[in-house]
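First the structure, in the form of C-alpha cells, and then the observations on it.
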DNA sequence: ACGCCTACCTGCTTGC
DNA sequence: TGCAAGCAGGTAGGCG
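In the working numbering, the protein residues as written are 371 to 647.
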C-alpha cells in the first residue's frame with residue numbers, strides 16, 4: 371500500500387510526465403476527496419489554469435507545486451493512484467478527481483475505497499506542521515532518532531506508524547525495519563540501547579531505499595503513475611510471510627495484532643527480553 | 001502520552 | 001451457487 375517508497379516512485383514519475391503541464395479543468399466526481407473545509411467549487415476554480423511547476427513528496431503525500439507557489443497535496447491512503455491518461459484513454463469508474471491538462475491528457479486520481487484526500491495550500495508548512503522528520507533526509511541521524519525515542523514510552527511498532535514521530539513509514543516497512551534491526555515490535559521506545567537505535571536507524575533507511583529502488587511494494591492495489599506494480603514484494607523478509615521460514619534462522623515467521631495492525635516478526639531473531647545477539 | 005475504538009469505503013476471500 | 005461476514009490498513013477524531 372502506498373507508503374514512502376510507493377509515493378516517492380509516483381512523484382518521480384509524475385515529475386517527468388506532468389511537470390510544466392497546465393491544468394485546464396478539474397472534475398471532481400467524489401466530493402469528499404477534496405479536503406474540508408475547501409468547498410469543491412472553489413477548489414476547482416482555484417486550480418483551474420494553474421501550471422504544475424514541480425512534483426515532489428512529503429510523508430505519504432504527492433505534492434504538486436504550482437507555479438505561483440501554492441501546493442496541491444494528494445494523500446493516496448489505501449487505494450489511491452495517480453495515473454496519466456492519454457487523450458483517447460477509456461474512462462475509469464474509480465477516477466474520483468480528474469485534472470484535465472491543456473495538452474489533452476488527464477491526470478487521474480483513482481481511488482477505489484475513497485480514503486484519499488486532496489488539499490490546496492499556500493505553503494508546505496501549512497499542510498505538514500504535525501508530521502515528523504523524513505527518514506531519508508540528511509538531517510534524520512541516529513542521534514536524532516535516539517533523542518526522539520528517549521522521550522517516548524510506547525511500543526516500537528505503534529511509534530513507527532505514528533506520522534508525527536516519523537513521516538512516511540507504514541505497516542509494511544515498519545515490520546521490515548524491525549526485522550532487519552532485530553527488534554521486537556512490542557519493545558518500549560525508551561528502553562533501546564545506543565546500538566539498538568543505530569540498528570533501527572540503519573534498517574529504516576535501508577528498507578525504504580530498497581523499496582524505492584524496486585519501485586514500491588504491490589500486494590493488490592498499488593501501481594505507480596505508469597500503471598505498473600512495484601517489484602518489492604518479492605524482496606520482503608517478514609511482511610505477510612506468516613509461517614514461512616525466517617531468512618536468518620529458518621524458524622517460522624509469526625503474526626500478531628499490535629494497535630489493530632497485523633504485525634509480522636521472527637520470535638527468535640527479535641526477542642522481547644534483552645538485546646539480540 | 002498512550003491505547004483503544006469507530007468511521008471512512010470497496011472488493012476480494014472465506015465459510016456455510 | 002448465493003450470501004454474509006471478515007479482512008485489508010492509512011488517518012482523523014473521540015474517549016478514558
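Built from N, CA and C at the ideal position, the CB exists for glycine as well.
Buried versus exposed, by CB contacts within 10 Å (16 or more), residue i
| i | result |
| --- | --- |
| residue 511 | exposed |
| residue 445 | buried |
| residue 481 | buried |
| residue 561 | exposed |
| residue 474 | exposed |
| residue 383 | buried |
| residue 632 | exposed |
| residue 431 | buried |
Through-space distance from residue j to residue i, alpha-carbon basis
| i | j | result |
| --- | --- | --- |
| residue 643 | residue 590 | 36 Å |
| residue 564 | residue 622 | 29 Å |
| residue 575 | residue 506 | 6 Å |
| residue 457 | residue 477 | 10 Å |
| residue 397 | residue 429 | 26 Å |
Residue i versus the options, residue with shortest Cα-Cα distance
| i | options | result |
| --- | --- | --- |
| residue 461 | 479, 472, 571, 614 | 479 |
| residue 373 | 498, 539, 437, 417 | 539 |
| residue 400 | 432, 465, 606 | 465 |
| residue 380 | 389, 417, 443, 453 | 453 |
| residue 436 | 483, 502, 382, 391 | 391 |
| residue 607 | 467, 536, 413, 552 | 552 |
Spatial neighbours of residue i in its chain, beta-carbon cut-off 8 Å, leaving aside the 5 residues before and after
| i | result |
| --- | --- |
| residue 598 | 585 |
| residue 470 | 393, 394, 395, 396, 397, 476 |
| residue 628 | 525, 527, 528, 555, 556 |
Residues near residue i by beta carbon distance below 6 Å, same chain, minus five either side
| i | result |
| --- | --- |
| residue 593 | 451, 599 |
| residue 447 | 485, 486 |
| residue 525 | 556 |
| residue 419 | none |
| residue 375 | 578, 581, 582, 586 |
| residue 547 | 573, 574, 577 |
| residue 638 | 619, 621 |
CB-CB length for residue i against residue j, believed under 8 Å
| i | j | result |
| --- | --- | --- |
| residue 405 | residue 488 | 6 Å |
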